[in-house]
Amino acid sequence: MTNAEIAKLLRNVAAAMTILNDREYHFQLVAYEKAADIISASAEQVTDLVREGKLADVKGIGEIMRGHLTELVTKGKVKHFETFLKKIPAAVFPLLDVPSIGPKRAYKLVTELHLSKPETVIADLKKKLTSEKLTIERFGETSQQALIRALEEFGKGAGKTTRMLLPFADKIAMQLTDYLKKIPEVHQAEALGSLRRRVFTVGDIDIAVASNEPEKVIAHFVQYPYKSRVIEQGPNTASLLTSGGQQVDLMVQPIEGFGSLLQHFTGSKHHNVHLRDLALRKKLSLSEYGIKRLDKKSEVREKYKTEEEFYNAMGLEWVPPEMREDRGEIELAEKHSLPHLVELKDIKGDLHTHSSYPIEPSHDLGLTSMEDMLKKAEQLGYEYLGFSEHNPSVSQHTERQIFSILQKRDEHIEHIKSNIKSVRVIKLLEIDILANGSLSVDDKSLSLLDAGIVSIHSSFGMSKEKMTQRILAGLSHPKVKILAHPTGRLFGSRESYDVDWDTLFDFCKTHNKALEINAWPERTDLPDTLIQEAIKHGVKMVIDTDSHEVSHMDLMQYGVYNARRGWAEKKDILNTLGYNEFAKWLKGGE
DNA sequence: GCCGTTTTCGGCCCGACTGTTTTCAGTCG
4 MTNAEIAKLL RNVAAAMTIL NDREYHFQLV AYEKAADIIS ASAEQVTDLV REGKLADVKG
64 IGEIMRGHLT ELVTKGKVKH FETFLKKIPA AVFPLLDVPS IGPKRAYKLV TELHLSKPET
124 VIADLKKKLT SEKLTIERFG ETSQQALIRA LEEFGKGAGK TTRMLLPFAD KIAMQLTDYL
184 KKIPEVHQAE ALGSLRRRVF TVGDIDIAVA SNEPEKVIAH FVQYPYKSRV IEQGPNTASL
244 LTSGGQQVDL MVQPIEGFGS LLQHFTGSKH HNVHLRDLAL RKKLSLSEYG IKRLDKKSEV
304 REKYKTEEEF YNAMGLEWVP PEMREDRGEI ELAEKHSLPH LVELKDIKGD LHTHSSYPIE
364 PSHDLGLTSM EDMLKKAEQL GYEYLGFSEH NPSVSQHTER QIFSILQKRD EHIEHIKSNI
424 KSVRVIKLLE IDILANGSLS VDDKSLSLLD AGIVSIHSSF GMSKEKMTQR ILAGLSHPKV
484 KILAHPTGRL FGSRESYDVD WDTLFDFCKT HNKALEINAW PERTDLPDTL IQEAIKHGVK
544 MVIDTDSHEV SHMDLMQYGV YNARRGWAEK KDILNTLGYN EFAKWLKGGE
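Numbered according to the numbering used here, the first sequence spans residues 4 to 593.
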């Protein structure tokens, strides 16, 4: 069972509890939803955590839930879950994925309209709504029309089911904030939510505006030319769907309270819930409007112009948005001991780049010449640039031919090195680890390189044990220093392969190997949660772009964001070192 | 069902908007 399936199951149980509407379940279902959120966000598979007995380390999943999940993994289902699920018609659950349909409405629709087939319930409901005149309590004409639209949009894949990659979301948010700033009533416009936390995929786009004339701002917003429709509109907030199908939520607040608004809508939800829980213990109540003192009976809220003031008023250090996931950052902020996160300006070089040099690889070749990439590196202020084209294809060449190709690349690099002096060139190669753990180039060819970067590009479906052994075998060569895109995941098309991370981390730590944080947006690999784990194990990392074209080199920022989400500091990232130190590490042994 | 510098028992974030009523339930973030 995948994490997504387990999370969905827990959400269904929570929905069943909601429908049963028994006070007894009220807080239980919150716990189920929280567990579902934690599991969806986890980079480790729950099935693995259960088998390895590591579920106890996960905060938010207690003894009872651990028992349920163990039963789920070993027996395929959970008796306790079934007692809830069987009380609710199965056709209710698919409807929960449709925005605006929650447990209560789904149950009402299914029972009153006698929808019995879960496989076709969405189509059946739409058909009933469009073909008949229905009278359902609390579902008037307007509600029914809204439902039809929601079902149609859901069918097209709009709304919360599709997430977009961060750079794309950045672009849309930029267009919106630029549009908003066209009227003078807008003092400040910022994109918040998961986008500001720099999550690698973004669901909907949240924008906050500081203004003392909210009506004018809302009126301007709902006139956005590239919208398909306005979802809702109130005095201080509004939501619309862009013509591309992305939801944009707008909040407006007076300038003097903008700090509280920024904080609130940056989230994450779990961070905010934890923060408010902490506040309650201090007899304070937090909201997007500021902080209310509960011991005094007054309704006066203290307002905060900046986020720093807001966090400080809580006795906390300001928390970088990337860390706001309730993974222990609030505890550290209380002690004023948050890590000092790595920044883009700390990066001194990029190691994983593919030039257009004709290396005859089995995978893709880059599109930009080495010279142009070096010029770009110079503009970016780098001290060094590593070329790491894929190894020449093994099936098309003999070992001798591979050596000859690499020798020529070597001569070419030596030639251009004499022209460009400000950026040092590092001779690397992205080397496949074959299914049996061997490298796709031999020792003689490896001797031409400064170091090797290894990665997996085939046979992804191996068992966890075999894959782990395969990777360790590949990394074992003394010339190999870096494992590229360690999980192999590709957003929207490929799940991670199975690896025993503790074993891999320990190996890297012992043998002085680095893991890559690949900045390519579809990859974003290592994922943030594994970066955090790697750091706990004392493993060093490098942040690379995996550029195949000169403009890709600008994507380094996205790798840095992801590293920050994993709490990486400058000392954890090796390509923050100057050339001499980095080269020393590259040549160094274990 | 979870969790602990008020607590191993007794708490559990806070507010906006919509639609349908006329004071609120449901959904969302």
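Just so it is clear, CB atoms sit at the ideal spot from N, CA and C, and this is done for glycine as well. All of these numbers come straight from a predicted model, not from anything done at the bench.
Reduced DSSP category for Ile-576 - H, G, I as helix; E, B as strand; rest coil: strand
Beta-ladder partner(s) of Ala-211, from DSSP: Glu-193, Met-254
Check whether Gly-455 and Ile-434 have beta carbons under 8 Å apart: yes
Segments assigned beta strand (DSSP E), at least 3 residues, entirely inside the segment 508 to 581: 517 to 521, 544 to 547
Run of the beta strand (DSSP E) containing Phe-390, from where it starts to where it stops: 387 to 390
Counted within 10 angstroms of its Cβ, other Cβ atoms place Pro-481 as buried (16 or more) or exposed: exposed
Cβ shell of Thr-145 (< 6 Å), same chain only, five flanking positions each side left out: none
Contacting residues, own chain, Cβ-Cβ under 8 Å from Leu-58 (five flanking each side not counted): Val-49, Leu-52, Ile-64, Arg-69, Leu-72, Thr-73
Bridge partner(s) assigned by DSSP for Lys-230: Beta-bridge pairing by DSSP links Lys-230 to Thr-245.
CB contact flag (Ile-362, Pro-323, <8 Å): no
Where Tyr-229 falls, given that 16 or more other Cβ within 10 Å makes a residue buried: exposed
Spatial neighbours of Gln-31 in its chain, beta-carbon cut-off 7 Å, leaving aside the 5 residues before and after: Contacts found: Met-20.
Separation of Gln-382 from Met-2, as counted between CA atoms: Coverage of the chain is limited to positions 4 through 593, which leaves residue 2 absent and any answer about it impossible.
Ordered list of alpha helix (DSSP H) runs contained in the segment 154 to 185, each at least 4 residues: 169 to 183
Three-pair Cβ contact test at 8 Å for the segment 530 to 546 versus the segment 560 to 578: yes
Beta-carbon separation (whole angstroms), Gln-250 vs Asp-207, contact threshold 8 Å: 4 Å
Where Gly-162 falls, given that 16 or more other Cβ within 10 Å makes a residue buried: The pLDDT assigned to Gly-162 is 42, lower than 50, so where the model puts this residue is not dependable, and the model offers no usable value.
Contact check, Lys-467 vs Asp-503, beta carbons under 8 Å: In this structure, Lys-467 lies near Asp-503, with their beta-carbon atoms less than 8 Å apart.
Beta-ladder partner(s) of Pro-364, from DSSP: Pro-395
Candidates Leu-98, Ala-571, Phe-96, Ala-18, of which the one nearest Asp-349 by Cα: With respect to the C-alpha of Asp-349, the residue from Leu-98, Ala-571, Phe-96, Ala-18 having the closest C-alpha is Ala-571.
Neighbour-count burial assignment, Asn-215, 16 or more Cβ in a 10 Å radius: exposed
Short Cβ contact (8 Å threshold) for Ala-241 with Phe-224: yes
Rounded Cβ spacing between Ile-416 and Val-428 (contact assumed at less than 8 Å): 6 Å
Classification of His-117 by the beta-carbon crowding that lies within 10 angstroms, buried from 16 upward: exposed
Per DSSP, the bridge partner or partners of Arg-284: Per DSSP, none; premise fails for Arg-284.
Separation of Pro-92 from Gln-148, as counted between CA atoms: If I take the Cα positions, the gap works out to 24 Å.
Integer-rounded CB distance, given that Ala-34 should sit under 8 Å from Pro-106: The distance from the Cβ of Pro-106 to that of Ala-34 is about 16 Å, inconsistent with a contact at the 8 Å cut-off.
Environment of His-339 [buried if 16+ CB atoms lie within 10 Å]: exposed
Start and end residues, beta strand (DSSP E) containing Lys-484: Note, Lys-484: beta strand (DSSP E), 483 to 486.
Inter-stretch contact (C-beta, 8 Å, three-pair minimum) for the segment 554 to 570 and the segment 531 to 541: yes
Bridge partner(s) assigned by DSSP for Ile-139: Phe-142
For Leu-493, the residue or residues it bridges with in DSSP: Arg-497
Contact under 8 Å by Cβ, Thr-527 with Phe-203: The answer is yes: Cβ separation under 8 Å.
Backbone CA spacing between Arg-497 and Gly-491 [nearest angstrom]: 8 Å
Ordered list of beta strand (DSSP E) runs contained in the segment 414 to 438, each at least 3 residues: 427 to 430, 433 to 435
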